[in-house]
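Here is the structure we will look at.
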Ligand SMILES: [Zn+2]
């Protein structure tokens, strides 16, 4: 998938967006709530109940540069989870029907804001779904809106709801790209949820400030071997802490009944556990001091946005991931359902 953005920066993001299947268990009870988070300071003065110092991590509030919030009941259910942990998120436009116009993006933004808790400062960065029929005028409207942040290019048929995607970028969308140039929108390329060292090398070889990539927690945790093929050693893997690589959960919630069927939907609901999982991977690599750049600095720096000023805290305090989140329309099963994670966001 490629993203062409329209707000101050313009983004072209490449992605496969295939998703994976979530192994889930439903043994335990309902979601009990996640706490809040933190950065590179380790406060050893706090004692755990066993009398040992409790590790604490304070981070500048992270952003999620690749998020699926869905719509309707699902949106109402999952938006508060992301809003609790992240300051901003690039919201993917592949709804049914996809968000192809600025008017639709504005309406979607309104729905998202309505789904947030009253005290939330979460900012959804809206995107348009590029099609063969997108007009140059739509780009101008998007730019003028001040709300639409990017235009996502889904190659037709490549991923969920991509049947309306682009069949020939330069053949069908050249006037749109030209409109972006006219609107003074820089063309950036973001490779979405990269999984291989080839992708890392490609990103590294790109011109500074124009090419970057997101990495999901599931690709770091579940496909670690694939990430380090080609000579990278596990203790030495540097994928997530390159300056051009930043956090993008690709969190993709589905209602449980739609996943547990013969043609179950792809997609992992990772938003509630993403920060805990990133912290786990960075800690295992002895690189917790690099975590904040990945979660909170590299993304806004690349997109030319200010870094967040809020802080969040995480403590090393084992917590059980809920087996599912229960809503009146059904259940949503998170990644690592029913398992224990070490790093817990702390919310006051
Ligand atoms: Zn995605």
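Numbering (this note's numbering), first residue to last: 129 to 476. By construction, the Cβ of each residue, glycine as well, lies at the ideal position given by its N, Cα and C atoms. These numbers were taken from a predicted model, which means no experiment stands behind them.
Identity of the residue in the options nearest residue i by Cα
i: residue 246; options: 207, 320, 278 and 277; result: 207
i: residue 281; options: 293, 274, 272 and 342; result: 293
i: residue 278; options: 454, 431, 343 and 444; result: 431
i: residue 192; options: 471, 253, 340 and 186; result: 253
i: residue 284; options: 243, 384 and 226; result: 226
i: residue 464; options: 398, 434 and 403; result: 398
i: residue 238; options: 228, 265, 199 and 380; result: 199
i: residue 446; options: 438, 470, 425 and 452; result: 470
i: residue 228; options: 348, 332, 260 and 187; result: 260
i: residue 325; options: 347, 306 and 265; result: 347
i: residue 373; options: 240, 248, 425 and 416; result: 425
i: residue 301; options: 273, 257 and 330; result: 257
i: residue 264; options: 286, 457, 309 and 436; result: 309
i: residue 231; options: 269, 240 and 475; result: 269
i: residue 251; options: 412, 378, 429 and 433; result: 433
i: residue 332; options: 307, 370 and 410; result: 370
Limits of the unbroken alpha helix (DSSP H) element including residue i
i: residue 222; result: Here residue 222 belongs to no alpha helix (DSSP H), and DSSP marks it neither H nor E.
i: residue 380; result: Segment: none, residue 380 is in no alpha helix (DSSP H) and carries neither H nor E.
i: residue 209; result: 200-213
i: residue 346; result: 345-349
i: residue 278; result: Looking at the DSSP string, residue 278 is not in any alpha helix (DSSP H); the run it does join, the beta strand (DSSP E), is 276-281.
i: residue 299; result: 297-300
i: residue 273; result: 264-273
i: residue 326; result: 325-333
Distance CB(residue i)-CB(residue j) smaller than 8 Å
i: residue 220; j: residue 262; result: no
i: residue 267; j: residue 318; result: no
i: residue 473; j: residue 403; result: yes
i: residue 443; j: residue 190; result: no
i: residue 209; j: residue 400; result: yes
i: residue 299; j: residue 343; result: no
i: residue 459; j: residue 384; result: yes
i: residue 349; j: residue 405; result: yes
i: residue 455; j: residue 296; result: no
i: residue 217; j: residue 248; result: no
i: residue 244; j: residue 440; result: no
i: residue 205; j: residue 453; result: yes
Neighbour-count burial assignment, residue i, 16 or more Cβ in a 10 Å radius
i: residue 291; result: exposed
i: residue 184; result: buried
i: residue 130; result: Residue placement at residue 130 is poorly supported in this model, since its pLDDT is 40, which falls under 50; the coordinates still yield a value, given next. The residue in question, residue 130, is buried, as its Cβ has 16 or more Cβ neighbours within 10 Å.
i: residue 320; result: buried
i: residue 450; result: buried
i: residue 417; result: exposed
i: residue 215; result: buried
i: residue 362; result: The predicted position of residue 362 is uncertain, since its pLDDT is 41 and thus under 50; no value can be drawn from it.
i: residue 329; result: exposed
Span of the beta strand (DSSP E), counted from its first residue to its last, around residue i
i: residue 455; result: 453-455
i: residue 439; result: 439-448
- Task: Tell me, please, whether the segment 306-320 touches the segment 331-338 by the rule of three or more beta-carbon pairs shorter than 8 Å.
- Result: yes
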